[in-house]
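Colleague: Sequential numbering of the sequence shown, starting at 37, is according to the working numbering. One structure coming up, written as structure tokens, with questions to follow.
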Amino acid sequence: MKRLLAASIIGMVLAAGLFAGGTKEAVEGQPRNFKMGLVAGTASIEYEAASFFADRLEVLSDGAMTVSLFPGSQLGDDRAMLEQVAAGVLDFTFGETGRMGLWVPYAEIFQYPFVFDSFEHLLASLATPFGEKMNQDFRDRGWRLLANAYNGTRQTSSNRAINSVSDMRNLKLRVPNAKANMAFARNSGAAPTPMAFGEVYLALRTNAVDGQENPLPAIYAMKFYEVQSHIALTGHIINDQNYIISETLWQALPGGDQEIIRQAAQEAAELHTRRFVEQEETMLAYFQEQGLTITRPDREGFRRANMPLVHEYEKDHGSEAMDAINSVRP
């Protein structure tokens, strides 16, 4: 059913003539308009960075290349848009490395809790031979990764103080319907409650759930701090965000245009990372001003509780991933 739905979305978008980027052999400098879809709305850092990417691409190409943005899941959720890019009917999108494990299964470890010490550690892991092999598998699947940005570290908000993993017991924790997030809640003793992102505020306000987990900028943007009393700096998952172009389109572009696109994406990813870091540095003080209590729980206890997920992964995929990740651990 999901496959049919994704196909129908692609068909409707094509019929509407939204994807004009095209995949025909192109002449360098030829005017063209690309399409980029993203889940985040217009108030997000992701949209700010995508707008910067579009502006830089237009400037660097002397106006020959422009990008139309479709924020707020207008073209579907992240899974649908990744499928559209792989099929060559959408030009650009964002995608987390671990999320692409839906199609390249061994990549899912990049969204596991307590695997990476920092975003820099994650980037170093992508640069290992293991990471390079994974990148080639992404290209074979239809995605070319242009740049990678920091997209925040996930923290836990709730209406109780969390100082250790034992304080998570029976907490009704909203999580996205994703394996890693569900496992974090379950292994930490909470009751995972999958729910659409847009429904979370009301669920928190009505006590349908006790808490949620997201990066601090998302907690701010969605105003979850209005209906929560505590934020625990669990730092359990480090989110990245890849700038992705359709491999079909990439292969049809002249080399000069490819380099311009790559440069614009890398500059946008630097802004993307910088804005998340800046917001995370200022958000805690803001939340405290709003009356929230910030706790810094024992992360080692959380890490130990979540290691069964890594052990399960290694049974299925071997130790190559963790060997590579540990080889560049600071």
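No residue lacks a Cβ here, since even glycine has one placed at the ideal position from N, Cα and C.
Give a yes or no on whether the C-beta atoms belonging to E82 and A76 are separated by under 8 Å.
Modeller: Yes, the pair counts as a contact, with Cβ atoms nearer than the cut-off.
Colleague: Which class does M384 belong to by DSSP, given the choice of helix, strand or coil?
Modeller: For residue 384 there is no data in the structure shown, the boundaries of the chain being 37 and 366.
Colleague: Specify the secondary structure class of N206 as computed by DSSP and reduced to three states.
Modeller: DSSP places N206 in coil when its eight states are reduced to three.
Colleague: Please identify the residue among Q110, L182 and I198 whose C-alpha is closest to the C-alpha of P333.
Modeller: Residue I198 is the option with its Cα nearest to P333.
Colleague: For M72, which three-state DSSP category applies?
Modeller: If DSSP states are grouped into helix, strand and coil, M72 belongs with the strands.
Colleague: Could you give the distance in angstroms between the alpha-carbon of A143 and the alpha-carbon of E168?
Modeller: Rounded to whole angstroms, A143 to E168 spans 12 Å at the Cα level.
Colleague: By DSSP, does P228 sit in helix, in strand, or in coil?
Modeller: It is a strand residue.
Colleague: Which two residues bound the contiguous beta strand (DSSP E) that contains T192?
Modeller: Unbroken beta strand (DSSP E) run through T192: W179 to S194.
Colleague: Give the straight-line distance between the Cα atoms of L269 and S97, rounded to the nearest whole angstrom.
Modeller: About 43 Å.
Colleague: Look at the alpha carbon of R115 and the alpha carbon of A122, and state the distance between them as a whole number of angstroms.
Modeller: Their Cα atoms are separated by approximately 11 Å.
Colleague: Would you mind working out which of V125, E94, Y148 and E119 sits nearest M358, comparing C-alpha positions?
Modeller: Of the candidates V125, E94, Y148 and E119, the one whose C-alpha sits nearest the C-alpha of M358 is Y148.
Colleague: My output table needs one value for G58: the three-state DSSP class, helix, strand or coil.
Modeller: Confidence at G58 is low in this model, with a pLDDT of 44, below 50, so the placement of that residue should be treated as unreliable; the coordinate-derived value is given next. Three-state result, G58: coil.
Colleague: Return the Cβ separation of A160 and Y279 in integer angstroms, given the expectation that the two are a contact with Cβ distance under 8 Å.
Modeller: Not a contact, Cβ separation roughly 19 Å.
Colleague: Taking the Cβ atom as the reference point for each residue, do G134 and G178 lie within a distance shorter than 8 Å?
Modeller: No.
Colleague: Which whole-angstrom value is the C-beta distance of A305 and A163, which I expect to be below 8 Å?
Modeller: Going by Cβ atoms, the distance from A305 to A163 rounds to 15 Å, so no, they are not a contact pair.
Colleague: Going by C-alpha to C-alpha distance, which of F130, Q66 and F166 sits closest to I145?
Modeller: Among F130, Q66 and F166, the Cα nearest to that of I145 belongs to F166.
Colleague: Anyone know if the C-beta pair for P253 and P230 falls short of 8 Å?
Modeller: Cβ atoms of P253 and P230: not closer than 8 Å.
Colleague: Does the Cβ of S355 have 16 or more other Cβ atoms within 10 Å, making it buried, or fewer, making it exposed?
Modeller: Exposed, since its Cβ has fewer than 16 Cβ neighbours within 10 Å.
Colleague: Per DSSP, which residues does D276 bridge with? Please list them.
Modeller: The partner list for D276 (beta bridge, DSSP) reads Y186.
Colleague: Whole-angstrom Cβ separation of F338 and I330, contact assumed at under 8 Å?
Modeller: No, F338 and I330 are not in contact; Cβ-Cβ is about 16 Å, not under 8 Å.
Colleague: When you compare the CB positions of V236 and K208, do they come within less than 8 Å of one another, or not?
Modeller: Their beta carbons are not under 8 Å apart, which means V236 does not touch K208 by this criterion.
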